[in-house]
Amino acid sequence: MSELIVSVAPNSLPQFASGMTVLARDEEWLVTEVSQTRDDGTRLVVTGTSPLVRDETAIFFHHPEGPGRLDRVEPLLAEDTRLIHDTSPGFRRSRLFIEALLRKTPLPQAEQRLATAGTHLANDLLYQREPARRAFMNLRPRLLIADAVGLGKTLEVGLLLSELIRRGRGGRILVVTPRHILEQFQHELWTRFSIGLVRLDSTGVARMQRKLPAGRNPFDYYQRVIASIDTLKSARYREQLRRVQWDAVVMDESHKLISKTALNNQLARVLAPTTHAFILASATPHNGDDESFNELISLIEPTSIVDPKKRSTREELKDLYVRRHKMSPDVAAQLGTEWAERAKPQFVDCLATAPEEAVLDELYSTWVAPPQGQSPPLTGKGSRLFPVTLLKAFLSSHEALRETIANRLKRHESEPKHANEVKALQRLSGLIARMTDDDSAKLTALVQVLRQLRIGPKSATRIVIFSERRATIDWLYRQLPARLGFMQKDPPGQAEKGVTGPVRILHGSQSDEAQQRIVKDFALEGSDVRILLTSDIAAEGVNLHRQCHELVHYDIPWSLITIEQRNGRIDRYGQRIPPQIRVLLHQSANPAHSADRSVSKKLAEKEDNAHRTLGEAAALMGLRDEQAEEMSIEEAFLVGRDIDEVVPDQPTDDDDIFMAGGGFDDEDSPVEAQPDDTVRPPRLFGSTREFVEDAFAEAYQNPAEAIGLTWLDAADYPDTFEFELNRDGQRLADLQRRLNVLPQSYLDERRILERMTLTFSPSVAITRLELARKHSGERLKRRGSATKDQKFTESGWPDMSYLTDQHPVIEWLVDKVLARRSADTTQARRLTAPVIAAHVTAPVFLVNGRYSNKQGKPTVLAWLALHREQDAMRVDEREFVQVLHDAKVNREMRMCDVGELAALQALVPQAVDTARTEMRRRLDDEEDKLMAPLIAYEQQLHDWERRTGARYEQLTLTAVRSRAEQRVQHTVTKVKELLDELSTAGEPMIRVVGVLVPERSV
């Protein structure tokens, strides 16, 4: 039986929370972040407020009884709060202080409603709220987001991360993606959600190595990072990551983690125990191997799976898994014009030329379907499907077949046992050698299609052309420019071809810089790219829909999943023009040579039908793995089975929990998020703009003169301003340090560390974002390096930034306001609280109270207004900000002398005691609500431990059973530690925020 959850005894350790003032090393600091470490006690991130350390950032480890006692940090007591006068205009300093505290205070642990939905630069679609809503229903926000292709998983991840930040759980974030979408993901999170991530691609890693001292862990230095899985899976980085704790880890395209022996999977196993929130995202979450998938689910929630060899049940996955598709009712009802209906696919017949017919005759008669009594000249292990490999290579291009033959001959031609196969391959190679480029029916048809679409130097139309074969892509790159009138030249000294110019190449052998450059340019309206020739690397995660709605399958992969992934690059949320898919089909005069028609065409048709009816194609075969689908179809083709026998038109497994909808399409289906599933944190100021104006005025007296702050013409740019970060020696070093974590290309191209333009207007921000996408990516075409002005003009980053509450400038202003207020206590070494003359009839003490868990996060939170009546204090039942509004605490206030403060000062201990009593009452009222999820999770742990233990008792090998039992006990221990950390601990933290006194009492 699992142990009961027991809270730490009151006063057993100091209670810290963000916004609290502490003393350390004889200096005063403002706490901005609190977390618990494994060995070093409480980790406090602080900002200096006393003169010697003002605005300096430091990290203290409070462990009074630990070895070495690293730091002794002393919380300042509320009873000792000193009341002070506020001489600022209209009590501005006090109002800013209260507002900053409200903004800095995280949401309490039990709050499941969303606080940031609808505040970002993205359409607020209710279905995109669901992953965040589901995540916060769990004890920890750990989830697999498995929405089908095109629904906007990046936006869903952005919203979830925003909610974590608002809860004080987003200080340290790691995002892991495929390398070719690093910048795309980084761009979306910054421009849409104001979440800045340091990009550690090859350039970022080199910059990091130059910047950091030898031996310094880069993941300890940077707070928010985005890196490719190819970089992080190396043993060096895995070991560094093992020593770092994160608030949130996001792993995109997580189906690549499933193979238990792969380095990707080992990376996931390193990261999962080091983070509070663990978010996986994939449109194809299952590879057909139940055990591998269950192991992945166990990383999200260790107590979810009892027997990894069995298929997961609905009950096991219901809180850990979200999957919808375009046809899901909650999705379809909200898309509107933001996702145009896909046009029916067009099939382009490519009539084989005489040289091609000769090759097809040889392929079929010798390899694919030899005469009765004969067999293909195959030798070597695993060669059974090689005839299909040859045929599919030729259906791609004669160059792809040439390469396939050459590679096979390299391995076999020196060995006598392969003599028959080598001879047949050489005969086939001879037929290929007689072909010219003009003998390719597909090339001729493709050029005709491109001309019909007016793809050329004088047209802005763009197109994506997919091929499975690298040789085909390289060959098309050589052929298409001249046939379409393009001037295509790779700049001298450029190691990789197809990175610039009107025709681009995208494949897995390119550097991460080249891949990101190509993806970025294809999204820019003003770039010169017109044709993207790509392998199936672009079939996963890449957004190609912003400037393109035309796609051509030069060849068709024999996998429904891959076809769907390809089509999803342009057929996705945000596509406003009906996407058009075209499929080139090789057609022979011999009806028996009909692989493209009998297989490729049918697969494309079945994917299209499934897309329109089921919302996904993988459900048809139920294999959930591209390679498994491909092998099954190839084997069926070789033995002459009809494709309809292998790929049904409807799913055969009615209980397939991996179908879009997650298997929850029943009465227990989770209710879609509703507008009232949101909560708006309390605010004193009428708008963020008002707060920003007053905060700048308080910090700089005359911001226009001090930092060049100017509001732009409201007719053109409403609610938009700019300011300089380096004027006349007024260097805003503290803000620049915060901004240095933003994308380096953004900082360089937009000169952010010199001047920023910010807007509160979503329409202005959207307009500038769309305008940035029109800029050209032709920098490499000029001679020499681009000037600063040219980089600024051509940048794909917007020149204006949308101000959300989590924008670095807002966070900087909040911290600046709090630091200035806390500086008033430097000499007295006591907390301070302002006295404000307001529209009240008797003194009102404004108090913030909170209980926290051992991780320093609030569990019970209250903003209290305490009225002094006769000899007692009464708790106002109104909302805290309503009390302030009714007392006319606003920008219209006039200055009043509040008189002597001695009598009020004497009441501070009584106000604190009343607040503490009220907080204990609220804890009693909320205890059942707080304990319910912990008790439920403890019961789940107990059930899992019992069922798993019973399963391992059946193992006959003692050593195997012992290792299994050790793993179970390790999990149980870690989960119990988590439950203990999340339990409310100690006494409430009380802070006097201010005191309202009657205006007439002066």
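For reference, each letter of the sequence shown is one residue, going 164 to 1165 in the working numbering. Ideal Cβ positions, reconstructed from N, Cα and C, are used throughout, including at glycine.
- Cβ-Cβ separation between Ala411 and Ile442: approximately 7 Å, consistent with a contact (criterion under 8 Å).
- In this structure the region 697-712 does not touch the region 637-650; the number of beta carbon pairs closer than 8 Å is below three.
- Scanning Lys979, Gln1033 and Leu1093 for the CA closest to the CA of Gly211 turns up Lys979.
- Rounded to the nearest angstrom, the gap between the Cα atoms of Val522 and Ala563 is 13 Å.
- In terms of CA proximity to Arg646, Gly619 leads the group Arg667, Ala623 and Gly619.
- Arg1124 and Asn457 have their C-alpha atoms spaced approximately 20 Å apart.
- His1133 is classed as exposed because its beta carbon has fewer than 16 other beta carbons within 10 Å across all chains shown.
- Taking a cut-off of 8 Å on C-beta distances, the region 266-273 does not touch the region 238-247, as fewer than three cross pairs fall below it.
- One Cα belongs to Ala444, the other to Arg1054, and the distance between them is close to 46 Å.
- Distance check between Ala1069 and each of Glu792, Asp1091 and Arg1031 places Arg1031 closest, using alpha-carbon atoms only.
- Between the alpha carbons of Thr282 and Gln497 lies a gap of roughly 18 Å.
- Contact between the region 683-697 and the region 593-610 is absent: fewer than 3 CB-CB pairs across the two stretches fall below 8 Å.
- Ranked by Cα distance from Gln615, the options Arg745, Arg735, Glu768 and Val705 are led by Arg745.
- Membership of Arg667 in any alpha helix (DSSP H) is not indicated; the residue belongs instead to the beta strand (DSSP E) covering Val666 to Leu669.
- According to the DSSP assignment, Thr394 belongs to the alpha helix (DSSP H) that extends over Ile392 to Leu395.
- Minimum Cα-Cα distance from Arg843 among the listed residues Arg330, Ala285, Asn286 and Pro881 corresponds to Arg330.
- Pairing Thr220 with Gln864, the inter-Cα distance amounts to about 24 Å.
- Three or more Cβ pairs drawn from the region 696-703 and the region 662-680 lie within less than 8 Å of each other, which places the two stretches in contact.
- Residue pairing by DSSP places Thr340 opposite Ser391 in a beta bridge.
- Less than 9 Å separates the beta-carbon of Met1152 from that of Ala180.
- Judged by DSSP secondary structure, Arg1013 falls within the beta strand (DSSP E) whose first and last residues are Val1007 to Asn1016.
- Taking C-beta atoms under 8 Å as the contact rule, Pro540 and Ala596 fail to qualify, at a distance of about 19 Å.
- Fully enclosed alpha helix (DSSP H) runs of no fewer than 4 residues occupy 851-863, 866-870, 896-902 and 907-913 of the region 839-927, in order along the chain.
- Pro1096 is a Cβ neighbour of Leu302, given a cutoff of 9 Å.
- A straight-line Cα-Cα distance of about 21 Å links Ala1065 and His1002.
- Residue pairing by DSSP places Val627 opposite Leu695 and Leu714 in a beta bridge.
- In this structure, Gln199 keeps its C-beta atom at 9 Å or more from the C-beta atom of Glu501.
- Gln1103 has no beta-bridge partner at all, per DSSP.
- Ile336 and Arg362 have their C-alpha atoms roughly 12 Å apart.
- Rounded to whole angstroms, the Cβ separation of His774 and Ala780 is 6 Å, and the two are in contact under 8 Å.
- Membership of Asp807 in the alpha helix (DSSP H) is indicated by the continuous run Ile806 to Val809.
- Straight through space, the alpha carbons of Leu591 and Glu525 are spaced by roughly 7 Å.
- Looking at the backbone, the Cα of Gln1033 and that of Arg276 are separated by about 40 Å.
- With respect to Arg487, Glu293 sits close: the two C-beta atoms are nearer than 9 Å.
- If you draw a straight line from the Cα of Gly378 to the Cα of Gln372, it is about 10 Å long.
- Residues of the same chain with a CB within less than 6 Å of the CB of Val1046, apart from the 5 flanking positions on each side, are Ala1028 and Asp1039 in chain order.
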